[in-house]
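Reviewing the structure listed below.
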Amino acid sequence: MATAPGALTPSRFVEPDPTSEVMAIQMGPSHPASHGTVKFNLRLDGETIVDVDVEIGYLHRGFEKMCEQGTWNHCFPYADRLNYASPLLNNVGFALAVEKLAGVEVPERCQYIRVIAGEISRITDHLTCLGMAANELGAISAGFYMLEAREFLYDLVEAITGARLTVTYCRLGGVVKDLPADMAERTAVALRNVRRVLADCDRLLSRNRIFVDRMAGIGAIGREEAISWGLTGPLLRATGVPYDVRKAEPYLVYDRMDFDVPTGTTGDNYDRFMVRFAEMHQSMRIIEQALAQIPDGPIAVADPRWVLPPKREVYGSIEGLMNHFKLVIEGQKVPAGEVYVATEGGNGELGFYLVSDGSGRPYRVRVRPPCFYGMAALGDMLRGRMVADVITTFGQINMIGGECDH
Amino acid sequence: MLALVPVTTRFDAAACRGEAVVVVERAEAPRVLRTLRDHPELAFDQLSDLTAVDYLGRTPRFEVVYQLYSISRNHRLRVKVPVPEDDPTVPTATSVWRSALWAERETWDMFGIRFTGHPDLRRILMYPEFEGHPLRKDYPLMKRQPLVPERDPITRPWHRRTEA
C-alpha cells in the first residue's frame, strides 16, 4: 500500500508492546474511595498490581511529643483523637496504662462503666468500618443504614459523656461522671434499634452476589504471615487465630462477662467483614450483662494525689483549692518506672508503653496503633491482585489516620 | 519463663510493675531475638511493637525497646537494647519478625537510630526532606523546617531512597 508523503507511519501510533509496560500510578492521598489520607504508589501491569508502596504520615500530629509536654491528664484529649471512630476505647486503654504505672485500682463501678462505654465504642468503630466498606462497593443504602445505627449509639455516648466524638471521659483514677439515671432504658432502646439495622444489613450484604464476589478471596493472608506482620484484632481473627486481649489477658471486668470470640478461616476480606459483624453482637451481649451486674458505688478513687477535688471544694475550701492547683500545675507524681499495657481496641491490640521519671509529666508515651501494622502488611495482601481490590482491602484494614500516623 | 531467656543482664523488676523485662547487649541482640522466637517454650511469635526511648544525659543515651508477645503461649516480654549516642545503630530484626519493617522505619524517623541490614530504611511519618528527628529530647519544640523545593512527581514518582 502506497503511503502518502508526509503521512504518519503507523509505527508512530503503536507502542512497542503496550501490555508489557509497567505503569506507575499514585493513588491518593485524597482519593474519594479511601477514607483516610494515605497514598498508594502503585506499579501496574494492566490492572494487575506488580508492586505497591504505601505512604502514610499525612495525619501525623506528633501525639507522642505532645504528651511529653503536659501532665498525665492532659494526654486524655489527645488519646481521644487517635482512633476517632472509637475514642472511648483509646481513653480506657490509656487510663489503664497510667493507672498501672501509678499503682491505682479504680472502683468496681468505674470498671463496669468503662466496659460499657468501651463496648459501645467498639460497635461504632465496626459500624464505621463496615458501613464504609459497603458504601465503597456501591451499597450506599446499607452504608447509610449502618451510619444510622451509629447515631443511636452516639446518642448513648452523648448521654454518658456529654460529647459525641471528643469524649475525654476517663481520668487517672476514674471517669468524669456517672452514667445517666435512665441508662438501662436508653441502652435497651438503642440496642434494639441497632439489632434491627444489623439484621437488615445482614440480609442486604452477607449473601449479596456482588458484595461477596468483591470480598471473598481478596486480600487474604496466611496465619503465620499475619502473626509475623504483627496483625491483631479482626484481621488476625479472620485467619482463625482466636487472639483477643479481652480473653488472653482479661482486664477490667471482662473475666466476668460471657462472650465469644468470633473467628474466620481464610483470612480474606469477607471473613474480616463477618468477624466484625459477629463481634458487634458479642459487644451488645457484654453491654447487657454489664448493665445487669453493675454495682453502686464511687466512680473514681478518693485519693487527692490522683483525682481532682469536686468543684464545690475547690471554690469553698483552701485545701481543695491547693489540691486542685497542685494537680493542675504540677501534675500527678506518678512514680518512676515503665509499663506496657495492651487492651483490645477496635482494630486490634492497642498498646501503650509509658515511661515515667517521677515528675508530674510523662517522660515517654508510646502508642502501639493496631492499624499501623495492618497497613504495613497491606503491600503483601495486594501484590498480584487487581487495582480495584485496593479499595476493599484497605477498607477492611480500617486504617484510622489519627491512630496510624499518631 | 524468664529463666529460659538466654541473656546475662537482668533488669530491676520493681520499676517495671512486675512485667518481664530483659536488657540485651547490642551485639547479642540478633542471636537473642532469634532464640526468643524459635525456642519452643518461649515461642515469641509476634513483635507487638518496637520503639525507642531517649534518655538524654544518660550513657548510653538511647534504648531500643521490643515488646514481644507469644500468641501460642500467651506471655509477654520486653527486650531493651541500649544504644550509645555516638554510634546509634542496631542490627535489624526484620528477618525475625516482619512487623519490624515499618516499626524500625518509624524509630529511624523519630529517633535517628539506624537499623543495619534493614532492606528499606526510609522515613515513614515525616517527609524525606525533614531535618532532624522529632522525638529526640533535644529536638527544639518550636523548630521551623526549611521550605522544600517542589519535586516533579512524574519524573520521580517512586523515590525509594536510602538516606545518608
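In the order they appear, the protein sequences are chains A and B.
Here our numbering is used: the first residue of the first sequence is 1, the next is one more, and so on.
Here our numbering is used: the first residue of the second sequence is 1, the next is one more, and so on.
The beta carbon of each residue, even a glycine, is placed where N, CA and C say it ideally should be.
Counting along the chain, residue 154 of chain A sits inside the alpha helix (DSSP H) bounded by residues 140-161. Residue range 349-356 is occupied by the beta strand (DSSP E) that includes residue 349 of chain A, with no alpha helix (DSSP H) assigned at that position. In the DSSP annotation of this structure, the continuous segment of the alpha helix (DSSP H) that includes residue 282 of chain A starts and ends at 269-293. The C-alpha of residue 265 of chain A is placed about 39 angstroms away from the C-alpha of residue 175 of chain A.
Between the C-alpha atoms of residue 168 of chain A and residue 88 of chain A there is a straight-line separation of about 8 angstroms. Residue-level contact by beta carbon holds for residue 124 of chain B and chain A, with a gap shorter than 8 angstroms. With a 10 Å radius around the Cβ and a threshold of 16 neighbouring Cβ atoms, residue 22 of chain A comes out exposed.
Residue 55 of chain A carries a strand assignment under DSSP once its states are collapsed to helix, strand and coil. With at least 16 other beta carbons inside 10 angstroms of its own, residue 362 of chain A counts as buried.
Sequence-ordered contacts of the segment 30-56 of chain B with chain A read 45, 46, 47, 48, 49, 51 and 53 [C-beta pairs closer than 7 angstroms].
Judged by DSSP secondary structure, residue 340 of chain A falls within the beta strand (DSSP E) whose first and last residues are 337-344.
Residue 49 of chain B counts as buried, since at least 16 other C-beta atoms from the protein chains shown sit within 10 angstroms of its C-beta. Going by beta carbons, residue 254 of chain A and residue 19 of chain B fall outside the 8 angstroms limit. Under the Cβ criterion of 8 angstroms, residue 328 of chain A is not counted among the residues facing chain B. Neighbourhood of residue 227 of chain A in chain B, by CB distance below 8 angstroms: 45, 46 and 71, in chain order. Around the beta carbon of residue 143 of chain B, fewer than 16 other beta carbons sit within 10 angstroms, so the residue counts as exposed.
DSSP places residue 198 of chain A inside the alpha helix (DSSP H), whose first and last residues are 183-205.
Scanning the segment 20-47 of chain A for uninterrupted beta strand (DSSP E) segments of 3 residues or longer gives 23-27 and 39-45, listed from N- to C-terminal end.
The C-beta of residue 138 of chain A has fewer than 16 other C-beta atoms within 10 Å across all chains shown, which makes the residue exposed. Contact check for residue 96 of chain B against residue 42 of chain B fails: the beta carbons are separated by 8 angstroms or more. DSSP places residue 228 of chain A within a helical segment (H, G or I) once states are collapsed to three. Of the other Cβ atoms in all chains shown, fewer than 16 fall within 10 Å of the Cβ of residue 325 of chain A; this residue is therefore exposed. Residue 17 of chain B reaches chain A at 100, 101, 103, 337, 338 and 339, counting residues in chain order whose Cβ is nearer than 9 angstroms. Residues of the segment 79-94 of chain B with a C-beta less than 8 angstroms from any C-beta of chain A: none at all. At a cut-off of 8 angstroms, the C-beta of residue 84 of chain A has no neighbouring C-beta in chain B. Counting C-beta atoms within 10 angstroms of its own C-beta, residue 347 of chain A has 16 or more neighbours from the protein chains shown and is therefore classed as buried. In this structure, the CA atom of residue 71 of chain A is about 42 angstroms from the CA atom of residue 197 of chain A. Beta-bridge annotation (DSSP): residue 102 of chain A is not paired with any residue. The three-state secondary structure of residue 49 of chain B, taken from DSSP, is strand. Residue 372 of chain A carries a helical assignment under DSSP once its states are collapsed to helix, strand and coil. Proximity of residue 65 of chain B to chain A, defined by a Cβ-Cβ separation below 8 angstroms, is satisfied. Contact between the segment 327-335 of chain A and the segment 300-312 of chain A is present: 3 or more CB-CB pairs across the two stretches fall below 8 angstroms.
Here DSSP, grouped into helix, strand and coil, assigns residue 80 of chain B to strand. Closest by C-alpha distance to residue 74 of chain B, out of A:342, A:385, A:399 and A:397, is A:342. Those residues of the segment 94-117 of chain B placed with their C-beta closer than 7 angstroms to a C-beta in chain A are 97, 98, 99, 101 and 102, ordered along the chain.
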